[in-house]
Amino acid sequence: MSARAVVTVFVPGDAGALSLGADAVAKELARECRHRELAIRIVRNGSRGLYWLEPLVEVSTAAGRIAYGPVRAADIAALLDAGLLDGGAHALRLGNIEGHDWLRSQQRLTAARLGVVDPSDIDDYIAHGGYAGLHAALAMPPHEIVRAVTDSGLRGRGGAAFPTGLKWQTVHDRAAAQKYIACNADEGDSGTFADRMLMEGDPFALIEGMTIAGLAVGATQGFVYLRVEYPHAGRALARALHVARERGYLGQNLRESGRDFDISVRVGAGAYICGEETSMLESLEGRRGEVRVRPPLPAIKGLFGQPTVVNNVVTLATVPVILARGAAFYRDFGVGKSRGTVPLQLAGNVKQGGLVERAFGLTVNQLVYDYGGGTASGRPVRAVQIGGPLGAYLPPSAFDTPLEYEALSARDALLGHGGVVVFDDTVDMARMARFALAFCAIESCGKCTPCRVGSTRGVELVDRILATPGGAAADIALLDELCDTMQNGSLCGLGGLTPFPVRSALRHFAEDFG
Ligand SMILES: Cc1cc2nc3c(=O)[nH]c(=O)nc-3n(C[C@H](O)[C@H](O)[C@H](O)COP(=O)(O)O)c2cc1C
Ligand code: SF4
5 MSARAVVTVF
15 VPGDAGALSL
25 GADAVAKELA
35 RECRHRELAI
45 RIVRNGSRGL
55 YWLEPLVEVS
65 TAAGRIAYGP
75 VRAADIAALL
85 DAGLLDGGAH
95 ALRLGNIEGH
105 DWLRSQQRLT
115 AARLGVVDPS
125 DIDDYIAHGG
135 YAGLHAALAM
145 PPHEIVRAVT
155 DSGLRGRGGA
165 AFPTGLKWQT
175 VHDRAAAQKY
185 IACNADEGDS
195 GTFADRMLME
205 GDPFALIEGM
215 TIAGLAVGAT
225 QGFVYLRVEY
235 PHAGRALARA
245 LHVARERGYL
255 GQNLRESGRD
265 FDISVRVGAG
275 AYICGEETSM
285 LESLEGRRGE
295 VRVRPPLPAI
305 KGLFGQPTVV
315 NNVVTLATVP
325 VILARGAAFY
335 RDFGVGKSRG
345 TVPLQLAGNV
355 KQGGLVERAF
365 GLTVNQLVYD
375 YGGGTASGRP
385 VRAVQIGGPL
395 GAYLPPSAFD
405 TPLEYEALSA
415 RDALLGHGGV
425 VVFDDTVDMA
435 RMARFALAFC
445 AIESCGKCTP
455 CRVGSTRGVE
465 LVDRILATPG
475 GAAADIALLD
485 ELCDTMQNGS
495 LCGLGGLTPF
505 PVRSALRHFA
515 EDFG
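The sequence shown begins at 5 in my numbering and counts up one residue at a time.
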């Protein structure tokens, strides 16, 4: 090997980057450096979320981290010839990625460490501000931790946007021998990936957030309910949990505090309805994922009948920021009742897809054009669907809507988990409406009639409308009536929200229904 210092090279181990060849890049880089007797250390970091540039390779140099992308295995030899390890010039060189407009304009709080740290290294996590929130929480009585979360204005990022502090207060106030923290990592919404990125790229943030939640409400056991399609996240979490336990950040008497908290991971079998919190609890208890009637709320009677905090990955991974930097700091971001920042996930037919964390209030236009750069196909944008398969479709005339809870609700839309999927002008919106109903029919748990039967009747109705030349006014009116029944009569959000994509397609794209 040469006398030069060992150079650190970052090659993402994120599932998105892997699907684009990151493993082959890492392998080729190691092989070629061995061959050239160049000493390198490869760190498999998370993705920074600029997916069109993945695999995004970064090299630690005296001038900072210099990025190259998208890198293919076949580019490695030429990159090394060009002086990759010194940040040398090459067509793929992007410079310091943190200076890239796409990242520089973001306000990354929850995702601040994504792509920056080594997800398996707890010392790296701590060096980048990790565990400051837990240390603050350990010095506070439980009700003050709850108050900090309440004062921050944090609302659940899983979809329902329920105030997190209020949920925690309810569990805190219950007297029970055993309470639980259940992290919802089912991430079933189409076009969403923030939970996955966080678990793969910064798993200690979730562990820290869950631990703080446990201290706040008096829970000693946490569960992560992980979707089966996320094996990389499962491995990253398992590694991080092991290290956190070894270093005394989990387990009995954590950090010599006299408090206990530990976390187990449970893998779901793959059903959209298991993301609904009561189905998730059923599944966690080993039963078929079927929705429970509420009340009682999980905060009163949740996992194994005990008071349980159910929160999404993003919600929990945001908690350390609030404890470390203060409720007022977090609350100062955002607009109206949508406080803080939100990791938006841009996907579908878009040129520059990825993760955009900004204070609430960015408009759809800004997200789709300024960040997304328009469609990947180069054709005009015709629609976006916001909030997963149960979210409304918005036409370009509504793209001035700010991405925040109240503004979207005023447009009969919802933010959900923050996924925004882009479609160009070749999309057939009647087909999309049919798809929403067919999806509901397949994924329905079957417990209530409006959803179980309504979704199938809805598919039949759309088929009839499409088969009727010149349209079928009576059937369109009937479809609208069916949507009313599903929206108002369903037991949970699956049946209750499926009318959103259907009705928005009917309202904004009526011409597609003949
Ligand atoms: C059909 C359906 C699917 C859902 N899927 C998810 C999911 O995959 N992940 C999630 O965090 N929340 C999901 N939710 C929302 C949860 O029921 C619940 O509101 C959330 O986990 C609470 O956490 P939060 O307050 O941190 O958002 C879903 C809700 C419904 C109705
Ligand atoms: S709305 Fe659908 S998924 Fe929800 S409880 Fe009813 S049948 Fe089950």
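For each residue, glycine too, the CB sits at the ideal point set by N, CA and C.
The structure displayed is predicted, hence computed values, not measured ones.
- Listed in chain order, the beta strand (DSSP E) elements of length 3 or more contained wholly in the stretch 362-440 are 385-390, 423-428.
- Spatial neighbours of Thr12 in its own chain (CB-CB distance under 7 Å, excluding positions within 5 residues in sequence) are listed in chain order as Arg45, Val47, Ser64.
- Taking non-hydrogen atoms of ligand 2 into account, the C-beta of Ser494 is found less than 7 Å away from one of them.
- Inter-residue distance for Phe513 and Val232 is about 36 Å (C-alpha atoms, whole angstroms).
- Distance check between Val228 and each of Leu307, Leu170, Val297, Val150 places Leu307 closest, using alpha-carbon atoms only.
- Within the same chain, Pro454 come within 7 Å of Gly493 by CB-CB distance, once the 5 residues on both sides are set aside.
- Val457 sits in a helix when the DSSP states are folded into three classes.
- Within the same chain, Cβ atoms closer than 8 Å to the Cβ of Pro399 are found at Arg386, Ala387, His512, Phe513, the five residues on either side in sequence being excluded.
- In this structure, the beta-carbon distance from Lys451 to Thr312 does not fall below 8 Å.
- When secondary structure is reduced to three states using DSSP, Val61 falls in the strand class.
- If you look at Ile46, you'll find it in the beta strand (DSSP E) that goes 44-47.
- A distance criterion of 7 Å places the beta-carbon of Ile185 beyond contact range of ligand 2, judged by its closest non-hydrogen atom.
- The beta-bridge partner set that DSSP reports for Asn353 is empty.
- At least one heavy atom of ligand 1 sits closer than 7 Å to the Cβ of Ala164.
- Between the C-alpha atoms of Gly262 and Ser268 there is a straight-line separation of about 20 Å.
- Contact between the stretch 74-82 and the stretch 28-38 is present: 3 or more CB-CB pairs across the two stretches fall below 8 Å.
- Taking 8 Å as the cut-off, the beta carbon of Gly162 is found closer than this to the beta carbon of Thr319.
- For the 8 Å CB-CB criterion, Pro123 and Gly50 form a contact.
- Of the heavy atoms belonging to ligand 2, at least one sits nearer than 7 Å to the Cβ of Gly450.
- Collapsing the DSSP output to three states places Ser268 in a strand.
- Boundaries of the beta strand (DSSP E) around Gln225: 225-230.
- Using a 10 angstroms sphere on the CB of Asn257, the tally of other CB atoms stays under 16, which defines it as exposed.
- Taken from the Cβ of Leu138, every heavy atom of ligand 2 lies 7 Å or farther away.
- Secondary structure of Arg159 (DSSP, three-state): strand.
- In the three-state scheme derived from DSSP, where H, G and I count as helix and E and B as strand, Ala93 is classed as coil.
- Phe504 is not a Cβ neighbour of Leu510, given a cutoff of 8 Å.
- Taken from the Cβ of Cys278, every heavy atom of ligand 2 lies 7 Å or farther away.
- Residue state for Pro146 is assigned as helix, using DSSP reduced to three classes.
- For Trp172 against Ala115, the beta-carbon gap comes to about 22 Å, at or over 8 Å, which does not count as contact.
- Counted as a single uninterrupted DSSP element, the beta strand (DSSP E) harbouring Ala189 occupies residues 184-189.
- By the CB criterion at 8 Å, Leu412 and Leu371 fall outside the cutoff.
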